[in-house]
Ligand SMILES: NC(=O)c1ccc[n+]([C@@H]2O[C@H](COP(=O)([O-])OP(=O)(O)OC[C@H]3O[C@@H](n4cnc5c(N)ncnc54)[C@H](O)[C@@H]3O)[C@@H](O)[C@H]2O)c1
């Protein structure tokens, strides 16, 4: 798809971060956008930002509250879109919504683990199932599924287990790669891409807590895990109160946003350029490219402390 003007795009998780920036850049190119999120307030802000520049005559930006892990809510989103965008087709589907959390199969609760997995994997699967009929009706269409570097490297550093997110992101990558041939055989006018961002400056750390716990406060279980993680990293946690541990975790969410090597706007531009170039694999950020090369070069070493330390040094990573 060489240009987006006059097309209709669906974006999941359009409330903040990369979803918001995708919406803004698509609208700036004359594309209609229908987004969903669990936060109506954040989507209203995205819509406002899209409309800051005067929208071309007739261009539509619609917002729909829907949880991507619940198929019926996505179906409701689709039905609202058909009505409000007055269409029976869409051209672009960005399955972007995601959260972190539920890192350990041993110490996280089953509920936390499955919440992360069901949003990060289920959201992509239900997204494709729900919107495929509308994509098939377009002259040309493109499905863009957001995985992560955790779709080819299942770790976030030596001190933090990362099982639910990694399992989901590997699933997104495998599914999207297999879709290439399914589409080629059965719907050649539809293309697909898997997006694998490195560290991007967004509020995903605090948003994930909001989705998981209903606020950006840490649950008692997360406090315990944060304490253990900090202890492993050499922080003198014995003398720290829970409030101090929580403050550190909140600071970490802020630095994740502010000290990332790539901004959400830069990431959205890389993703949209990748779609225009019809690239099926879109790595986002120098850190993602470096990690991809390293994992291919030395797969047996990928989960050793030396691999991680040497990568962190090269990429300047402050994650994990
Ligand atoms: N930020 C990074 O470093 C990074 C790296 C690799 C991959 N990713 C992936 O990129 C995607 C976008 O993340 P981001 O960093 O922009 O984070 P973000 O938190 O800014 O944006 C994600 C959006 O998804 C929404 N959301 C969460 N759960 C939802 C649900 N069940 N239904 C509907 N909406 C939901 C959130 O409210 C939020 O608005 C995610 O899939 C994430 O896993 C992010």
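Residue numbers (our numbering): 13 to 332. All C-beta atoms in this analysis are idealised placements derived from N, C-alpha and C, irrespective of residue type, glycine included.
Query, Result
"Provide the residue(s) that pair with residue 104 in DSSP beta bridges, ordered along the chain.", "21 and 154"
"Are residue 149 and residue 101 closer than 7 Å when you measure CB to CB?", "yes"
"Among the residues of its own chain, which have a CB less than 8 Å from the CB of residue 216, if the five just before and after it don't count?", "29, 110, 111, 112 and 268"
"Which residues mark the beginning and the end of the alpha helix (DSSP H) in which residue 232 is found?", "232–244"
"Which residues share a DSSP beta bridge with residue 76?", "48"
"With DSSP as the reference, label residue 163 as helix, strand or coil.", "helix"
"With a threshold of 16 other CB atoms inside 10 Å of the CB of residue 33, please say whether the residue is buried or exposed.", "buried"
"For residue 105, which residues of its own chain have a beta-carbon under 8 Å away from its beta-carbon, when the five flanking residues on both sides are left out?", "21, 22, 139, 140, 143, 147, 153, 154, 155 and 156"
"Taking contact to mean 3 or more Cβ pairs, one atom from each stretch, closer than 8 Å, check whether the segment 40–48 and the segment 70–84 are in contact.", "yes"
"May I ask you to check if the CB of residue 109 is nearer than 6 Å to at least one heavy atom of ligand 1?", "yes"
"Starting from residue 354, follow the alpha helix (DSSP H) in both directions and report where the run begins and ends.", "Shown here, the chain extends from 13 to 332; a query on residue 354 therefore has no answer."
"What is the rounded straight-line gap between the Cα of residue 314 and the Cα of residue 91?", "44 Å"
"Quick check on this structure: which residue in 177, 49 and 192 has the alpha carbon closest to the alpha carbon of residue 291?", "192"
"Quick one: residues in its chain with C-beta nearer than 8 Å to the C-beta of residue 126, no 5 flanking neighbours on either side, listed in chain order?", "114 and 176"
"Where DSSP assigns a beta bridge to residue 322, which residues make up the other side?", "DSSP output for residue 322 lists no bridge partner at all."
"Would the segment 198–213 and the segment 291–303 be scored as touching if the rule is three or more Cβ pairs under 8 Å?", "yes"
"I'd like to confirm the pairing. Which residues does DSSP put opposite residue 293 in its beta bridges?", "206"
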